[in-house]
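At position 14 of the sequence shown (counting the first as 1) the number is 36 in the numbering used here, and the numbers step up by one without a gap.
Even for Gly, the Cβ is constructed at its ideal location relative to N, Cα and C.
Please read the structure below before turning to the comments.
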Amino acid sequence: MFSNVLVICVGNICRSPMAQALLLQRVAPHLQVASAGTHAMLGSPMDPLAEAVLQMHQVSVPRHQARQIDRGMLHKADLILLMETSQQSSVLRLAPEVRGKTFLIGKWQQQLEIADPYRQPKLAFEQTYEQLSRCVDDWLPFLQSGETR
23 MFSNVLVICV GNICRSPMAQ ALLLQRVAPH LQVASAGTHA MLGSPMDPLA
73 EAVLQMHQVS VPRHQARQID RGMLHKADLI LLMETSQQSS VLRLAPEVRG
123 KTFLIGKWQQ QLEIADPYRQ PKLAFEQTYE QLSRCVDDWL PFLQSGETR
């Protein structure tokens, strides 16, 4: 069973904190969920549109400050979820040994990649929310069983 999930996007202000909030809302209390970015906007809060869309869907918004991925957090995670396949190279450059626990969040949606809504209108954030919501729901049985294949 997984106990620690790390969700990664680019800036760590839109997609990964949205996914983190969804996972925290929907999983059992035993699971720790963190997020980080490959090129994080260090210390920045969640994008206001991302926060607004989460609140619109009654998802609790955790306090957030963007942070950069590092080897320690990659090793601590039992499961690493990416928004795009291109982010895998950043992860594996830091810690090639985590390949076996690194997957697209859209793995169960035909390897769906989640487009970055940054600097887009609210509609893009709503679409991102809908995609992430489906992806998170698809991961729930695996998060409870610990099986990813």
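Of the residues Thr107, Pro84, Gln47, Pro118, the one placed nearest Val32, counting alpha carbons only: If you number the sequence shown from 1, residue 32 lands on position 10. Per the Cα distances, Thr107.
Candidates Asp159, Asp100, Glu148, Ser112: closest to His52 by CA position: In the sequence shown, counting from the first residue as 1, residue 52 sits at position 30. The residue with the shortest Cα to Cα distance from His52 is Asp100.
Cβ shell of Asp159 (< 8 Å), same chain only, five flanking positions each side left out: Numbered from its first residue, the sequence shown carries residue 159 at position 137. Only Arg48 meet the Cβ criterion.
Under the three-state DSSP convention, the category Gln58 falls into: By one-based count along the sequence shown, residue 58 stands at place 36. Note on identity: in this sequence residue 58 is Ala, with Gln being the wrong assignment. Ala58 falls in the strand class under three-state DSSP.
First through last residue of the alpha helix (DSSP H) which encompasses Val32: As a working note, residue 32 is residue 10 in the sequence shown. No alpha helix (DSSP H) contains Val32, which DSSP labels as neither H nor E.
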